[in-house]
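Line by line, the protein sequences are chains A and B. One rule links them: number in our numbering = place in the first sequence (from 1) + 21. One rule links them: number in our numbering = place in the second sequence (from 1) + 197. Here's the structure we're looking at; comments come further down.
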Amino acid sequence: MVQNGFPQNVAIAGVYEHPSRFSPNKTEFQIMAESAKGALDDAGLTRNDVDGLFGASMSMGLMGIVDLAEYLDLYPDYLDGTNIGGSSFVAHVSHAAAAINAGLCNVALVLYGSTAASNSMAIGTGGSGGSKNPDVAFSTPYGMTTVGSYAMYAKLHMETFGTTSEQLAEIAVTMRKHAALNPLAKMRTPISIDDVLSSRMISRPLHLLDCCIISDGGGAIVVTSAERARDLRKTPVSILGSSEAVQHQGTGYNDLLTIAAKQSGEVAFGQAGVSREDIDLAMIYDSFTITVLATLENLGFCEPGEGGDFVSNAGIALGSKLPVNPDGGGMSSNHPGMRGIFLVIEAVKQLRNECEARQVSGAEIALAHGTGGTIGDKHSGATLILGIDR
Amino acid sequence: MVVKPDSASFPPPNAQPHASWETRGFWEGAGRGELVLQWCTECSAVQHKPRGLCVDCLSDEGLVHFVASGEGTVHSFTVTEQNQAKGFVDVCPYIMAYIRLAEGPRILSAITECDPDSVAIGSSVRAAFVAQERTDEEAFAVPVFHLC
Ligand SMILES: [Zn+2]
């Protein structure tokens with residue numbers, strides 16, 4: 022493997038995806054703690070080894086990471102409660118790598134937990150009801166919703182490049198096909214392009230089945246030095262490249278179709294010293310079908326405007342040149358409000374050849390890209406390129 | 198001209214803008230029926246949303262408000278058919294849009310008083326201003342756009 026530009030002495034030693042999709046009797050922190058146990062067991066470490074704590078959630082506010090440390094009765098030397106939306110956990114892995122490389126901690130635990138579904142949160146389709154915040158006053162009166170912003174992006178993409186609703190639907194169909202191979206996935210009944218197109222319109226041109234599901238869930242990742250990881254239970258997964266970026270409205274002139282993935286992807290690929298063709302699978306945040314298409318284009322897997330053709334005819338399905346989200350993604354497996362942690366967990370499991378029916382055979386290099394916030398409005402992006410040496 | 202809404206109009210009455218001292222000029226301008234933007238006399242940047250200084254050159258002394266033409270074109274839009282938020286439940290479907298203003302910046306707004314099927318990217322639009330019943334004393338209005 023060609024590697025340059027990124028410290029090569031950091032690895033992911035353990036991961037755990039909480040199996041729950043609906044947990045009305047659990048709290049966010051409880052799901053995080055159960056996930057911590059899972060990931061530490063996976064690595065062959067204990068809670069006493071943890072000296073770096075990273076986490077974010079839908080309800081952790083100011084000092085939330087301190088609340089989390091108290092819940093877990095941990096006393097880490099390094100704390101990072103960065104919350105840049107659903108991409109946070111991809112960024113946490115990058116931040117953990119930097120901290121480990123700098124000698125500030127040695128075993129970093131990254132956590133997420135959520136009860137979005139059992140709390141009946143309207144994540145995508147509620148919005149703009151009378152906030153007193155002057156910063157959001159420029160969207161409050163206009164009925165801005167998450168799905169509405171993505172819909173404006175999709176509409177502009179269609180107008181500019183001729184992208185069709187059928188092409189977007191193909192992404193949802195592929196995610197569902199993958200979910201059927203994942204015993205933990207929440208939605209496993211196959212769907213057709215017609216099913217997507219005939220589902221209820223939410224915000225034109227996005228239908229109900231263009232949107233991710235809402236579930237409960239959580240997960241954990243253990244990051245440590247490559248040296249330490251070598252002696253642990255599982256084959257270490259190396260961090261080859263990572264970067265994060267933002268995109269927003271600026272002062273009113275930014276190109277709406279350029280998303281944060283363009284900037285973070287270029288840096289991460291440069292660090293990893295690999296090409297797009299070298300990527301064996303991609304874990305792409307799929308809040309909406311258009312999110313996947315926009316991300317593939319902006320990461321350079323195809324030219325701007327070619328995303329529709331790229332995803333068509335099972336172009337991102339298992340068995341294709343670039344399988345995307347073999348776990349079924351946020352559209353069909355799980356989406357507990359913020360999904361970034363699952364992108365990393367599945368990428369690691371795929372590289373360790375643990376995914377059975379949905380395994381990408383011989384996967385050696387994986388990319389994970391998380392999007393946080395709202396494409397078409399303001400958002401963050403975090404890209405991680407991971408590799409395994411067999 | 199500022200129009201008083203009837204009960205079925207957009208935006209819903211509970212979705213009222215609130216201003217900081219940085220954004221007050223925009224909302225008070227709308228209350229007078231004017232679309233107010235900021236222009237920097239030091240570097241010539243026109244910026245939206247409003248801020249207490251020009252973020253292109255970080256000058257605060259050069260920044261002035263001016264009344265824009267209110268003309269623009271539709272940059273993108275969506276017809277929202279489902280929004281569970283209070284007030285918006287009752288006004289679906291509604292048209293949220295990015296408008297490219299003649300003066301340069303893009304602004305988030307809504308297109309009202311038209312058939313959604315008559316709106317297209319590139320359509321010419323003109324600002325209109327909706328006064329809302331308010332619970333405070335502010336003389337604000339909400340800029341929306343109409344097809345020309
Ligand atoms: Zn200036």
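From the three backbone atoms N, C-alpha and C, an ideal C-beta is built for every residue, glycine too. Computed from a prediction, not measured in an experiment: that's the story for all the values here.
Point to revise | CA-to-CA distance, A:Ala34 to B:Ser204, given in whole angstroms | key: Here residue 204 of chain B is taken as the residue at index 7 of the second sequence, counted from 1. Here residue 34 of chain A is taken as the residue at index 13 of the first sequence, counted from 1. The predicted model places B:Ser204 with a pLDDT of 48, which falls under 50 and marks its position as unreliable; any figure quoted below should be read in that light. Cα to Cα, B:Ser204 sits roughly 60 Å from A:Ala34.
Check your understanding: Measuring from the CB of B:Asp257, is there a heavy atom of ligand 1 at a distance below 7 Å?
Key -> As a first step, residue 257 of chain B is located in the second sequence; it is residue number 60 there, counting from the start. No; taking the cut-off as 7 Å, the Cβ of B:Asp257 has no heavy atom of ligand 1 nearer than that.
Check your understanding: Which one of A:Gly397, A:Lys399, A:Leu372 has the shortest CA to CA distance from A:Ala389?
Key -> On the first sequence, position 368 is the one that residue 389 of chain A refers to. Of A:Gly397, A:Lys399, A:Leu372, the residue nearest in Cα terms is A:Leu372.
Practice item. Would you list, in chain order, the members of the stretch 176–197 of chain A that have their beta-carbon closer than 7 Å to a beta-carbon of chain B? Key: Lys176, Leu177, Glu180
Point to revise | Within chain A, the residues that B:Thr238 reaches when beta carbons sit closer than 8 Å | key: If you number the second sequence from 1, residue 238 of chain B lands on position 41. The contacting residues do not exist; B:Thr238 stays about 16 Å from chain A at best.
Review point. Within the present structure, is the beta-carbon of B:Glu219 separated from the nearest heavy atom of ligand 1 by less than 7 Å?
Key: Position 22 of the second sequence, counted from the first residue, corresponds to residue 219 of chain B. No, ligand 1 has no heavy atom inside 7 Å of this Cβ.
Exercise for review: Provide the residue span of the alpha helix (DSSP H) that contains A:Ile33, from first to last.
Suggested key: For this step, residue 33 of chain A is matched to residue 12 along the first sequence. Taken as a continuous stretch (DSSP letters only), A:Ile33 belongs to no alpha helix (DSSP H), being part of the beta strand (DSSP E) at 31–38.
Review point. B:Ala299 CB to nearest chain A CB: under 8 Å?
Key: If you number the second sequence from 1, residue 299 of chain B lands on position 102. No - not a single Cβ of chain A is within 8 Å of the one on B:Ala299.
Practice item. Rounded to whole angstroms, what's the CA-CA distance from A:Val23 to B:Val288? Just pull it up for me. Key: In the first sequence, the residue the question calls residue 23 of chain A occupies position 2. In the second sequence, the residue the question calls residue 288 of chain B occupies position 91. The predicted model places A:Val23 with a pLDDT of 36, which falls under 50 and marks its position as unreliable; any figure quoted below should be read in that light. Rounded to whole angstroms, A:Val23 to B:Val288 spans 56 Å at the Cα level.
Exercise for review: May I ask whether a heavy atom of ligand 1 can be found less than 7 Å away from the beta carbon of A:Ala172?
Suggested key: Here residue 172 of chain A is taken as the residue at index 151 of the first sequence, counted from 1. A:Ala172 Cβ: outside cutoff for every heavy atom of ligand 1.
Check your understanding: Closer than 8 Å, CB to CB, is A:Lys399 near chain B or not?
Key -> Position 378 of the first sequence holds residue 399 of chain A. So, not an interface residue.
Review point. What is the DSSP secondary structure of A:Gly106, reduced to helix, strand or coil?
Key: Counted from its first residue, the first sequence places residue 106 of chain A at position 85. Reduced to three states, the DSSP call for A:Gly106 is coil.
Check your understanding: Taking only beta-carbon atoms, is A:Leu277 less than 8 Å away from chain B?
Key -> Start at 1 with the first residue of the first sequence, and residue 277 of chain A comes out as number 256. At least one chain B Cβ lies under 8 Å of A:Leu277.
Exercise for review: Entirely within the stretch 80–133 of chain A and at least 4 residues each: give me those alpha helix (DSSP H) ranges in chain order.
Suggested key: 85–93, 109–122
Check your understanding: In the structure shown, what three-state DSSP assignment does A:Tyr163 receive?
Key -> As a first step, residue 163 of chain A must be located in the first sequence, where it is residue number 142. Looking at A:Tyr163 - three-state DSSP - the assignment turns out to be helix.
Exercise for review: May I have the straight-line CA-CA distance separating B:Trp218 from A:Tyr163, to the nearest angstrom?
Suggested key: Counting from one through the second sequence, the residue named residue 218 of chain B turns up at place 21. Counting from one through the first sequence, the residue named residue 163 of chain A turns up at place 142. So the alpha carbons of these two residues sit roughly 21 Å apart.
Practice item. Tell me whether A:Met84 is buried or exposed, calling it buried when 16 or more other Cβ atoms sit within 10 Å of its Cβ. Key: Numbered from 1 along the first sequence, position 63 holds the residue referred to as residue 84 of chain A. Exposed: under 16 other Cβ atoms inside 10 Å.
Review point. Using a Cβ-Cβ distance under 8 Å, would A:Met79 count as near chain B?
Key: Numbered from its first residue, the first sequence carries residue 79 of chain A at position 58. Output row for A:Met79: interface = no.
Point to revise | Completely contained beta strand (DSSP E) runs for the stretch 248–292 of chain B, where each covers 3 or more residues | key: 260–264, 268–277
Point to revise | Continuous alpha helix (DSSP H) stretch holding A:Ser78: start and end | key: Position 57 of the first sequence, counted from the first residue, corresponds to residue 78 of chain A. Careful: A:Ser78 lies outside any alpha helix (DSSP H) and carries neither H nor E.
Point to revise | CA-to-CA distance, A:Ala241 to A:Ser41, given in whole angstroms | key: By one-based count along the first sequence, residue 41 of chain A stands at place 20. By one-based count along the first sequence, residue 241 of chain A stands at place 220. Roughly 14 Å separates the two Cα atoms.
Point to revise | Inter-residue spacing [alpha-carbon to alpha-carbon] between A:Gly65 and A:Leu205 | key: Position 44 of the first sequence, counted from the start, is the residue given in the question as residue 65 of chain A. Position 184 of the first sequence, counted from the start, is the residue given in the question as residue 205 of chain A. Looking at the two C-alpha atoms, the distance is approximately 24 Å.
Check your understanding: When the Cα atoms are used, what is the spatial distance from A:Ile121 to A:Tyr274?
Key -> Counting from one through the first sequence, the residue named residue 121 of chain A turns up at place 100. Counting from one through the first sequence, the residue named residue 274 of chain A turns up at place 253. If I take the Cα positions, the gap works out to 39 Å.
Review point. Among A:Asn355, A:Glu265, A:Asp231, which one has its Cα closest to the Cα of A:Lys207?
Key: Residue numbering aside, residue 207 of chain A sits at position 186 when the first sequence is read from its first letter. When only C-alpha atoms are compared, the closest one is A:Asn355.
Review point. CB-CB under 6 Å to A:Lys283, same chain, minus the five flanking residues each way: which ones, in chain order?
Key: Taking the first residue of the first sequence as 1, we reach residue 283 of chain A at position 262. Within the same chain, A:Lys283 has close Cβ partners Asn319.
Exercise for review: Pull up the distance between the alpha-carbon of A:Phe331 and that of B:Ala294, whole angstroms please.
Suggested key: Taking the first residue of the first sequence as 1, we reach residue 331 of chain A at position 310. Taking the first residue of the second sequence as 1, we reach residue 294 of chain B at position 97. Approximately 28 Å, taken between the alpha carbons.
Check your understanding: From what residue to what residue does the alpha helix (DSSP H) around B:Arg221 run?
Key -> Locating residue 221 of chain B in the second sequence gives position 24, where the first residue counts as 1. It spans 221–228 - the alpha helix (DSSP H) in which B:Arg221 sits, taken as one unbroken run.
Review point. Is there at least one Cβ from chain A nearer than 8 Å to B:Glu268's Cβ?
Key: Here residue 268 of chain B refers to the residue found at position 71 when the second sequence is read from its first residue. No, its Cβ sits nowhere closer than 8 Å to a Cβ of chain A.
Check your understanding: Do you know how far the Cα of A:Asn69 is from the Cα of A:Asp398?
Key -> Working through the first sequence from its first residue, we reach residue 398 of chain A at position 377. Working through the first sequence from its first residue, we reach residue 69 of chain A at position 48. The alpha-carbon atoms of A:Asp398 and A:Asn69 are separated by roughly 42 Å.
Practice item. Can you give me, in chain order, the residues of the stretch 155–171 of chain A that have a beta carbon less than 7 Å from any beta carbon in chain B? Key: Pro155, Ala158, Phe159, Ser160, Thr161, Pro162, Tyr163, Gly164, Met165, Thr166, Gly169
Exercise for review: For B:Glu278, return the contacting residues in chain A, with the cut-off set at a CB-CB distance below 9 Å.
Suggested key: By one-based count along the second sequence, residue 278 of chain B stands at place 81. Near B:Glu278 (Cβ distances below 9 Å), the residues of chain A are Arg221, Met222, Ile223, Ser224, Arg225.
Check your understanding: If you measure beta-carbon to beta-carbon, which residues of the stretch 321–344 of chain B are closer than 7 Å to chain A?
Key -> Val339
Review point. Looking only at its own chain, which residues have a Cβ that is under 7 Å from the Cβ of A:Arg251, when we skip the five neighbours before and after it?
Key: Within the first sequence, residue 251 of chain A is the residue found at index 230, counting from 1. Cβ within range, chain order: Pro257.
Review point. Taking all protein chains shown into account, do 16 or more other C-beta atoms lie within 10 angstroms of the C-beta of A:His116, making it buried, or fewer, making it exposed?
Key: Counting from one through the first sequence, the residue named residue 116 of chain A turns up at place 95. That one is buried.
Review point. To the nearest whole angstrom, what separates the beta carbons of A:Gly393 and A:Ser135, a pair I think is in contact under 8 Å?
Key: In the first sequence, counting from the first residue as 1, residue 393 of chain A sits at position 372. In the first sequence, counting from the first residue as 1, residue 135 of chain A sits at position 114. Actually they are not in contact, since the Cβ atoms of A:Gly393 and A:Ser135 sit about 14 Å apart, beyond 8 Å.
Review point. How close, in whole Å, do the beta carbons of B:Leu234 and B:Glu300 come, if the pair is a contact with beta carbons under 8 Å?
Key: In the second sequence, residue 234 of chain B corresponds to position 37, counting from 1. In the second sequence, residue 300 of chain B corresponds to position 103, counting from 1. Rounded, the Cβ-Cβ distance is 6 Å, consistent with contact.
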